[in-house]
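To start, the structure itself, in structure tokens.
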């Protein structure tokens, strides 16, 4: 590249990022991930859909390539699927902590939706939130809670 070309272009700006430690309450599952921009600039999604409301999710979305699972942490997760049955709601099988969502097959790039409540050492009151009306915008719209278990068949629908 010639110096004339280089001088007429803007230098590539490196995005600020932050790396965060997270996991379940008992410590059986631990992981870290990088977000760009870092907190407090990163906006946490506060969704009103039935899953986010009942599971206590406040979500951040790192790329899977920016996640490091410790001690096979992802394999240790218990998973729950409902509705489209395409994404795993991840929990600790020991303490029951809601860790987030694995969107493995949902998007071109593999991403996670981690629960900000699973972050170690974060003050939730200092974070910025973006509200999303998932109750009306996530298909099928409406409250899914209490309608997943088939009592007659004793199985998930």
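Residue numbers (our numbering): 25 to 181.
Beta carbons: idealized from backbone N, C-alpha and C, even for Gly.
Quantities reported herein were computed from a predicted structural model and do not represent experimental measurements.
Bridge partners - residue i, DSSP secondary structure assignment
{"i": "residue 69", "result": "83 and 154"}
{"i": "residue 59", "result": "42"}
{"i": "residue 174", "result": "179"}
{"i": "residue 146", "result": "BP columns for residue 146 are empty, so no partner."}
{"i": "residue 127", "result": "Paired residue(s): none; residue 127 is not in a bridge."}
Cβ neighbours of residue i in the same chain (closer than 7 angstroms, five flanking residues each side left out)
{"i": "residue 151", "result": "63, 64, 68 and 140"}
{"i": "residue 40", "result": "60, 61 and 62"}
{"i": "residue 29", "result": "Bear in mind that the predicted position of residue 29 carries a pLDDT of just 35, short of 50, making it unreliable; the figure below should be weighed with that in mind. Closer than 7 angstroms at the Cβ level, and outside the excluded window around residue 29, lies no residue."}
{"i": "residue 38", "result": "none"}
{"i": "residue 157", "result": "72"}
{"i": "residue 27", "result": "Caution is warranted here: a pLDDT of 34 is assigned to residue 27, below 50, making its placement in the model unreliable, and no coordinate value can be reported."}
{"i": "residue 33", "result": "Note that residue 33 scores 46 on pLDDT, short of 50, meaning its location in the model is unreliable and no value can be drawn from it."}
{"i": "residue 90", "result": "57 and 58"}
Sequence-distant residues of the same chain with beta carbon closer than 6 angstroms to residue i, five excluded per side
{"i": "residue 128", "result": "134"}
{"i": "residue 130", "result": "110 and 111"}
{"i": "residue 85", "result": "135 and 137"}
{"i": "residue 154", "result": "67 and 69"}
Selection from the options that minimises the alpha carbon distance to residue i
{"i": "residue 117", "options": "44, 73, 52 and 42", "result": "52"}
{"i": "residue 93", "options": "146, 46, 42 and 38", "result": "46"}
{"i": "residue 77", "options": "178, 122 and 147", "result": "122"}
{"i": "residue 115", "options": "66, 75 and 175", "result": "75"}
{"i": "residue 174", "options": "110, 111 and 106", "result": "106"}
{"i": "residue 96", "options": "144, 126, 55 and 85", "result": "55"}
{"i": "residue 149", "options": "82, 72 and 130", "result": "82"}
{"i": "residue 179", "options": "104, 58 and 144", "result": "104"}
{"i": "residue 120", "options": "43, 44, 42 and 48", "result": "48"}
{"i": "residue 58", "options": "88, 176 and 80", "result": "88"}
{"i": "residue 50", "options": "100, 66 and 91", "result": "100"}
{"i": "residue 44", "options": "132, 143, 155 and 124", "result": "143"}
{"i": "residue 3", "options": "176, 98 and 159", "result": "Any question about residue 3 goes unanswered here, given that the chain covers just 25 to 181."}
Residues of its chain near residue i, where Cβ-Cβ distance is below 8 angstroms and the 5 sequence neighbours each way are ignored
{"i": "residue 102", "result": "114, 115, 116 and 117"}
{"i": "residue 80", "result": "122, 139 and 141"}
- Task: Would you list, in sequence order, the uninterrupted beta strand (DSSP E) runs of no fewer than 3 residues that lie entirely inside the segment 94 to 123?
- Result: 102 to 104 and 112 to 115
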